[in-house]
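Worksheet for the structure shown next.
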Amino acid sequence: MRILVTGGAGFMGSEFIRQAIGKDYEIILLDKLTYAADLKRIEEVEKDIIFYKADINNREFADHIFKKEKPRVVVHWAAESHVDRSIMDASPFIDTNVRGTQVLLDVARDYEIEKFINISTDEVYGELGTEGQFFEVSPLKPNSPYAVSKTSADMLGRAYFRTYGLPVITVRPSNNYGPWQYPEKLIPVVILKAMDNKPVPVYARGENVREWLYVSDCADAVFQIIDRGKAGEIYNIGSGQERKNIDTVKTILKILDKSEDLIEFVKDRPGHDYRYSLNIDKIKGELSWQAGIKFQEGIEKTVKWYVSNIDWVEKKVNYLKSLWEKVYVKT
Ligand code: NAD
Ligand code: TDX
Numbered sequence: 008m009r010i011l012v013t014g015g016a017g018f019m020g021s022e023f024i025r026q027a028i029g030k031d032y033e034i035i036l037l038d039k040l041t042y043a044a045d046l047k048r049i050e051e052v053e054k055d056i057i058f059y060k061a062d063i064n065n066r067e068f069a070d071h072i073f074k075k076e077k078p079r080v081v082v083h084w085a086a087e088s089h090v091d092r093s094i095m096d097a098s099p100f101i102d103t104n105v106r107g108t109q110v111l112l113d114v115a116r117d118y119e120i121e122k123f124i125n126i127s128t129d130e131v132y133g134e135l136g137t138e139g140q141f142f143e144v145s146p147l148k149p150n151s152p153y154a155v156s157k158t159s160a161d162m163l164g165r166a167y168f169r170t171y172g173l174p175v176i177t178v179r180p181s182n183n184y185g186p187w188q189y190p191e192k193l194i195p196v197v198i199l200k201a202m203d204n205k206p207v208p209v210y211a212r213g214e215n216v217r218e219w220l221y222v223s224d225c226a227d228a229v230f231q232i233i234d235r236g237k238a239g240e241i242y243n244i245g246s247g248q249e250r251k252n253i254d255t256v257k258t259i260l261k262i263l264d265k266s267e268d269l270i271e272f273v274k275d276r277p278g279h280d281y282r283y284s285l286n287i288d289k290i291k292g293e294l295s296w297q298a299g300i301k302f303q304e305g306i307e308k309t310v311k312w313y314v315s316n317i318d319w320v321e322k323k324v325n326y327l328k329s330l331w332e333k334v335y336v337k338t
């Protein structure tokens with residue numbers, strides 16, 4: 008089967024591509040190659056994929072790709088994905104996540120697409136207190152500009168299914184982690200800083216809770232949805248592995264045999280969501296999917312990968328300096 012993958016040079020899309028090639032899918036990759044992209048992530052399968060460097064906002068180019076490559080399924084991972092950057096400047100988030108998604112949905116209408124998988128996020132539901140879970144039918148209450156842009160994309164997908172019958176499926180994963188994640192996100196930041204014996208920045212007091220999903224489990228769920236997911240539906244993908252940030256940080260420091268004295272509390276993220284937690288009864292019941300990797304196993308594998316690939320991570324540091332100067336203000 009031919010699958011058009013957007014954003015496959017990114018962290019999660021590249022995991023999906025590596026698995027897809029192993030499953031004999033034919034992959035057409037459309038990626039703009041922003042700062043967050045790196046073709047090294049898919050180097051081992053590069054010869055097996057067709058790659059177009061383009062912005063999803065380029066309608067003519069997208070149309071050319073659909074016409075030439077005739078994909079049967081679209082898996083749309085491409086996005087601006089970092090909450091802190093959206094707080095500093097929302098514009099690229101609206102351009103790519105909202106307008107870009109609309110362009111892709113529009114182009115897809117003209118072709119015989121069996122499924123258009125729109126990768127969304129748990130952040131569209133807003134935040135939870137210490138109790139409760141988000142269901143696929145929970146109200147959408149996004150809090151950051153990033154979350155609003157993803158919610159808007161979901162609403163466009165909903166409208167294109169309802170109005171034009173485009174077979175859109177919305178997928179909402181929780182926080183992903185694993186090899187190749189760009190070191191602006193919590194887990195790679197902590198590993199990188201700790202390995203360097205630098206202060207490890209924790210927002211507020213580290214009480215916020217995230218549900219950690221190993222990236223290969225996430226890709227696996229998407230394959231189940233491609234096979235058996237229903238058009239017009241929404242699927243949450245979570246792991247049940249919730250951790251306070253401070254506990255996640257301490258776990259990483261312990262694996263690296265580093266002192267907790269490295270922890271530095273910095274000013275909180277504005278509008279910081281307290282907790283996310285996804286109910287996955289729907290995907291478990293309908294598609295028999297559940298995550299296979301527990302947090303302790305996943306984090307040990309992740310730390311090991313970063314230790315072995317620290318050169319790749321360090322190459323990204325120059326670009327990150329200006330972000331870190333603005334965000335990591337000691338309290
Ligand atoms: P990432 O930032 O690592 O990669 C994004 C990719 O999209 C990059 O390769 C980039 O070049 C590409 N891209 C960005 N703008 C583009 C444009 N205009 N045209 C074409 N390509 C463009 O992102 P990620 O962490 O792999 O996240 C993938 C998807 O999953 C995103 O939609 C994100 O919102 C969603 N998501 C991420 C997480 C997480 O924890 N990382 C959790 C839930 C959902
Ligand atoms: O240096 C840090 N210190 C810190 O305490 C960073 C980068 C983050 N944090 C906190 C903020 C969050 O509570 O750690 C938690 C995780 O932060 P991020 O890694 O930035 O992820 P989050 O904001 O939860 O969003 C992620 O999950 C949902 C992805 O980046 C999104 O793309 C996805 O949709």
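All residue numbers for the sequence shown refer to this note's numbering, where the first residue is 8 and numbers rise by one.
Every residue, glycine too, gets a C-beta built ideally from N, C-alpha and C.
Note that the structure is predicted; figures quoted are calculated from it, not measured.
Rounded straight-line distance, which links the Cα of residue j to that of residue i
i	j	result
Leu135	Tyr281	6 Å
Arg92	Ala16	19 Å
Ile232	Ala85	18 Å
Asn65	Met95	25 Å
Glu271	Asn204	12 Å
Tyr242	Phe68	30 Å
His83	Val336	35 Å
Phe58	Arg165	28 Å
Ile28	Pro78	15 Å
Lys75	Asn325	39 Å
Gly107	Gly133	23 Å
Glu61	Gly14	With the sequence shown as reference, residue 61 is identified as Ala, and Glu is not the correct amino acid for it. Looking at the two C-alpha atoms, the distance is approximately 10 Å.
Leu269	Lys261	12 Å
Phe302	Gln140	19 Å
Sheet register partners of residue i (DSSP bridge)
i	result
Tyr221	Tyr184
Arg282	Leu135, Val216
Asn125	His83, Thr177
Lys337	Val273
Phe141	Leu285
Start and end residues, alpha helix (DSSP H) containing residue i
i	result
Leu163	152-171
Tyr210	Taken as a continuous stretch (DSSP letters only), Tyr210 belongs to no alpha helix (DSSP H), being part of the beta strand (DSSP E) at 207-210.
Phe348	Look at the range of the chain in this structure, 8 to 338, and you will see that residue 348 is not part of it.
Arg66	66-76
Phe18	18-29
Val324	324-334
Glu293	288-294
Asp113	108-115
Leu46	Careful: Leu46 lies outside any alpha helix (DSSP H) and carries neither H nor E.
Leu199	193-202
Ile94	90-95
Where the beta strand (DSSP E) through residue i begins and ends
i	result
Tyr242	241-244
Thr13	9-13
Arg250	249-251
Asp38	33-38
Ile270	270-273
Lys60	56-60
Beta-carbon contacts of residue i that lie in its chain and below 8 Å, excluding the five residues immediately before and after
i	result
Tyr171	Arg116
Gly2	In the structure as shown, the chain begins at 8 and stops at 338. Residue 2 is therefore absent and cannot be evaluated.
Tyr313	Pro186, Pro195, Ile198, Leu199, Met202, Val320
Asp275	Tyr210, Ala211
Glu53	Leu46
Val80	Met8, Arg9, Ile10, Leu11, Ile120, Glu121, Lys122, Phe123, Ile124, Ile233
Tyr32	Met8, Arg9, Ile10
Glu223	Per the sequence presented here, residue 223 reads as Ser, with Glu not at that position. Closer than 8 Å at Cβ, skipping near neighbours: Glu22, Gln26, Gly185, Ile300.
Ala238	Lys122, Phe168, Pro174, Val175, Ile176
Same chain, Cβ closer than 7 Å to residue i, neighbours up to 5 away in sequence not counted
i	result
Arg48	Ala16, Ser21, Trp187
Val131	Leu147, Pro149, Ala154, Lys157, Thr158, Asp161, Arg179
Asp45	Ala16
Distance between beta carbons of residue j and residue i, contact taken as under 8 Å
i	j	result
Asn183	Met8	So it is not a contact: roughly 24 Å between Cβ atoms.
Asp36	Ile56	Looking at the sequence shown, residue 36 is not Asp but Leu. That pair is a contact at about 5 Å.
Val256	Gly213	6 Å
Ile176	Asn125	7 Å
Glu143	Lys311	Not confirmed; about 35 Å, so no contact.
Leu40	Pro190	With 8 Å as the limit, Leu40 and Pro190 do not qualify as a contact, their Cβ atoms being about 17 Å apart.
Leu294	Gly236	7 Å
Ala228	Gln26	Not confirmed; about 11 Å, so no contact.
Pro112	Tyr42	Looking at the sequence itself, residue 112 is Leu, so the reference to Pro does not match. Actually they do not touch by this definition, with Cβ atoms about 25 Å apart.
Lys251	Val216	5 Å
Ile259	Ile306	7 Å
heavy atom of the ligand MN below 8 Å from residue i C-beta
i	result
Asp102	With respect to the ligand MN, the structure shown offers nothing to examine, as its ligands consist of the ligand NAD and the ligand TDX.
Sequence-distant residues of the same chain with beta carbon closer than 6 Å to residue i, five excluded per side
i	result
Leu263	Ala201
His89	Glu191
Pro152	Ser93, Ala97, Phe100
Lys265	Ala201
CB contact check: residue i to chain D, cutoff 9 Å
i	result
Gly245	Included in the structure is just one protein chain, with no chain D present.
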